[in-house]
Amino acid sequence: MARVMVSFLGLGNPKTGGYQPACYSWKGRKLTRTRFAQAAIVEAFGAASFDRIVILCTEESKSAHFDILHREIEALGAVGVTRCPEQMLPTDMRAANQWQWFETILAAIDEGDRVIFDFTHGMRAVPIVFSSAIGFLQRTRHLDLEHVLYAWWDRMRGEESTHPIVDMADFYAINEWTEAVARLVDDADARKLAELGKKREIEALHGLGDPELVARFTTMTDCIRNVDVNNVATVVHDALQCVEKQREGSSGAANVLLDCVWDKFRGLAFDVPSSGKYDHAYLSTQLEIIRVLSEHRLYMQAFTAMRELIGSIGMAGLTGKYAKNMGTAKGRSNRRFAELFVNMVQFPEEEWAFPPSRQKDVERLRPWYHRLVEERVIGRLEDITRRRQDSKRTLLDYRNGFDHAWTSKAAAAKDIVEKSDEYIEVLASCIEKLRSIQPTTQPNSRLDLPKMVNITNHRLTPDQVEDARNSMGIKEVLELPPELKEAWATVPLDTAGMLAVVSTVFDWVWNKTSKNDVILVQGEYGATFALVSHLNAAHRRTVHATSKREVTERQNEHDSTETIRHFVHRGYRDYQK
């Protein structure tokens, strides 16, 4: 893998005959006086370190300066490595000629080369073309971008002053870091981030390559890909805690990229109940993982998880000794009911033909199956699992298709995206229905009950507290800290100030609540709308209180009529998503 310098040689100032002699410096080291930044760069890095030096020229610039520059570079010791491509660059910047510039640069770089770009001399279009070429080569030829240099000549400096050579490579490395975060967010793939973390760290992107952060991301993406429902909440929570830690010491571009990760995965960081049962929270977690897998285009894993979710719906109806904790050996062995339930849904009851060895299990599931038929859950599942006369493919067909490769065909790809969205919505409606009909067990302790966070400008009345306990099982009401309560009561008029208050309140609520908790939000209209939107996106339940006004009149001691208005609490209503 060669070390290559690619540079452009222009005409310079025609009034002075080209470029002015100057003393350049590199990292404080004064270099030999020269008219050409390329010669100063060769001296700074050592002539012997270069395998190729490619000087891009126009016909005019080659005629005016190339031979002189070539002799200077060879005098420094870089003999036989400098060349000018045979095809000169055009000066007419039509679109076709811009592509010629671009392709000439590509031709100068081989796979894996260690490259130094210099765009000091030349037309103003040079940095634009070089920048595009760098981004392209980083992805196609895996170049090692060592430096992107600009010799900053300042005509206002004195004759004996030095002119610094500035390295701008970090601004091009950000493309790779952005791509690495995009892979994590879009494809649940942390490998590129881990690779960059080992190579080097950019001060402006401090923290992105932190070994602990990358390790957390790797564990998180593995957990998501493996649809590890029992551990995903904890793993994602730990990863986002690490993100929050890095955000405290970062700013600017680093925080923008970290925010992308936070926004993408925070929906998975809710608490999974410690009961270890196939309850509503567990099924909701499975569904959320499926959404993330689908968003990351991991359709094989998403369709596999959909099939497993249907089996879990069957497991949710088991009671007694068959409802063992899923983490125990007995609980794992009972997973056989999940596969059986998928088969029961796939065929009409009159066509069931299970072997005698499965009949006891069938009878164990039959009452739950019939209950789901009554609640129209089975009908919804049949729509996506049962082959009908129209011969449309089912969820199970698509899952099998991944094993037989027909889903990789271009025509099937679009269909898979549409079907994934359709099936997710069907499963979501089934899970929502299960909220009211699933067999439940009493909480082990008061700690299992949800709490309410009061984000209003007043404390709850006794009637409101009692209703929250009776209608939603609320164990306690949390109030905002005094400083946040004051901020919520005095939301600034400007949008930026309002959003800052919303962000601060959201962060506090996020750290204090789980998915089972209830957030009561009322206040300034814009702030309420923004906060509710954020909380709903984070899978928190948001409600507002409703009331009725009672008006009474009475005669006071001065024989005048006094009107008394009294607001009576009626109940709570969920904000619509």
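When we follow the numbering used here, the leftmost residue of the sequence shown carries the number 4, and every step to the right adds one.
Don't be surprised by glycine CBs; every beta carbon is placed ideally from N, CA and C.
Please read these numbers as outputs of a predicted model, since none were measured by experiment.
Legend entry - Beta-carbon proximity check, Q304 vs V230, cutoff 9 Å: Inclusion of Q304 and V230 in the CB contact set at 9 Å is warranted, their separation being smaller than that value.
Legend entry - Local conformation of D121 per DSSP, three classes: Taken through DSSP and simplified to helix, strand or coil, D121 comes out as strand.
Legend entry - CB contact flag (V480, M455, <9 Å): Cβ atoms of V480 and M455: closer than 9 Å.
Legend entry - Backbone secondary structure at E527 - three-state DSSP: In this structure, E527 counts as coil in the three-state DSSP scheme.
Legend entry - Cβ neighbour criterion (16 or more within 10 Å) applied to T493: Burial call: exposed.
Legend entry - the stretch 75-92 touching the stretch 55-66, judged by at least three CB pairs closer than 8 Å: The stretch 75-92 is in contact with the stretch 55-66.
Legend entry - Residue range of the unbroken beta strand (DSSP E) whose run includes S28: S28 -> beta strand (DSSP E) spans 26-29.
Legend entry - Cβ neighbours of Y573 in the same chain (closer than 7 Å, five flanking residues each side left out): One point to set straight first is that residue 573 is Arg, not Tyr, in the sequence displayed. Beyond the five residues adjoining it in sequence on each side, R573 comes within less than 7 Å, by CB distance, of T549, S550, K551 in the same chain, given in chain order.
Legend entry - Range covered by the alpha helix (DSSP H) that runs through H73: First-last of the alpha helix (DSSP H) with H73: 70-78.
Legend entry - Endpoints, the alpha helix (DSSP H) within which T37 is located: Here T37 belongs to no alpha helix (DSSP H), and DSSP marks it neither H nor E.
Inset, instruction - Take every Cβ of the stretch 150-167, pair it with every Cβ of the stretch 26-36, and state whether three or more of those distances are shorter than 8 Å. - result: Short answer: they touch.
Inset, instruction - Below 7 Å CB to CB, which residues in the same chain sit around A586 once its five sequence neighbours on both sides are set aside? - result: Since the first and last residues shown for the chain are 4 and 580, residue 586 lies out of range.
Legend entry - Per DSSP, the bridge partner or partners of G21: Its beta-bridge partners are N16.
Legend entry - Three-pair Cβ contact test at 8 Å for the stretch 144-163 versus the stretch 181-194: Under the three-pair Cβ rule at 8 Å, the stretch 144-163 does not count as touching the stretch 181-194.
Legend entry - Length-filtered (4 minimum) alpha helix (DSSP H) runs lying within the stretch 449-530: Fully enclosed alpha helix (DSSP H) runs of 4 or longer: 465-475, 485-492, 498-515.
Inset, instruction - Would you check if the stretch 312-323 and the stretch 356-363 touch, i.e. whether three or more CB-CB distances between them fall below 8 Å? - result: By the C-beta criterion, the stretch 356-363 is judged not to be in contact with the stretch 312-323, since fewer than 3 inter-stretch pairs fall below 8 Å.
Legend entry - Contact between the stretch 503-516 and the stretch 530-545 (3+ Cβ pairs under 8 Å): Segments in contact, yes.
Inset, instruction - May I ask you to report which of helix, strand or coil DSSP gives M8? - result: In the structure shown, M8 sits in a strand (DSSP, three-state: E or B).
Legend entry - Test item: CB-CB of P3 and G320 under 9 Å: Past the edges of the chain, shown from 4 to 580, lies residue 3, and the structure says nothing about it.
Legend entry - C-alpha distance - I108 paired with T222, whole-angstrom precision: In a straight line, the C-alpha of I108 is about 40 Å away from that of T222.
Inset, instruction - Measuring alpha carbon to alpha carbon, tell me which of P485, A25, L14 ends up nearest R158. - result: Comparing Cα positions, the closest option is A25.
Inset, instruction - Indicate the three-state DSSP secondary structure (helix, strand or coil) for W409 in the structure shown. - result: Since pLDDT at W409 reaches only 49, below the 50 mark, its modelled position is unreliable, and no value is offered.
Inset, instruction - May I ask which residues mark the beginning and end of the beta strand (DSSP E) holding A154? - result: First-last of the beta strand (DSSP E) with A154: 147-154.
Legend entry - A25 CB to nearest heavy atom of the ligand SAM below 8 Å: Looking for the ligand SAM in the displayed structure turns up nothing, as the structure carries no ligands at all.
Legend entry - Entirely enclosed alpha helix (DSSP H) segments - the stretch 282-352, minimum 4 residues: Taken in chain order, the unbroken stretches of alpha helix (DSSP H) that lie wholly in the stretch 282-352 and span 4 residues or more are 283-298, 302-318, 332-336, 339-349.
Legend entry - Spatially closest choice to A499 from N519, R186, G526, A530, by CA coordinates: The closest CA to that of A499, considering only N519, R186, G526, A530, is found on A530.
Legend entry - Cβ separation of G138 and M4, assumed to be a contact under 8 Å, to the nearest whole Å: Contact flag wrong, Cβ pair sits at about 20 Å.
Legend entry - Test item: CB-CB of A242 and F220 under 9 Å: In contact: A242 and F220 (Cβ atoms closer than 9 Å).
Legend entry - Which listed residue (L487, I427, N473) has its alpha carbon closest to that of F509: Relative to the Cα of F509, the nearest Cα in the group L487, I427, N473 belongs to L487.
Inset, instruction - Indicate whether the contact test is met: 3 or more Cβ pairs, each with one atom in the stretch 36-50 and one in the stretch 11-26, closer than 8 Å. - result: The answer is yes - the stretch 11-26 touches the stretch 36-50, with three or more Cβ pairs under 8 Å.
Inset, instruction - Taking only the alpha-carbon atoms, compute the straight-line gap between E489 and L146 and give it to the nearest angstrom. - result: About 55 Å.
Legend entry - Distance, A257 Cα to I177 Cα: Taking the straight line from one Cα to the other gives about 10 Å.
Legend entry - Delimiting residues of the beta strand (DSSP E) encompassing C87: Under the DSSP assignment, C87 falls outside any beta strand (DSSP E); it carries neither an H nor an E label.
Inset, instruction - Measure the Cβ-Cβ separation of F122 and S52 and say whether it is below 9 Å. - result: In this structure, S52 does not lie closer than 9 Å to F122 by Cβ.
Legend entry - Status (buried if at least 16 other CB within 10 Å, exposed otherwise) for R543: Buried is the call here.
Legend entry - Segment contact flag, the stretch 452-472 with the stretch 518-533, C-beta cutoff 8 Å, min 3 pairs: Verdict: yes, contact present.
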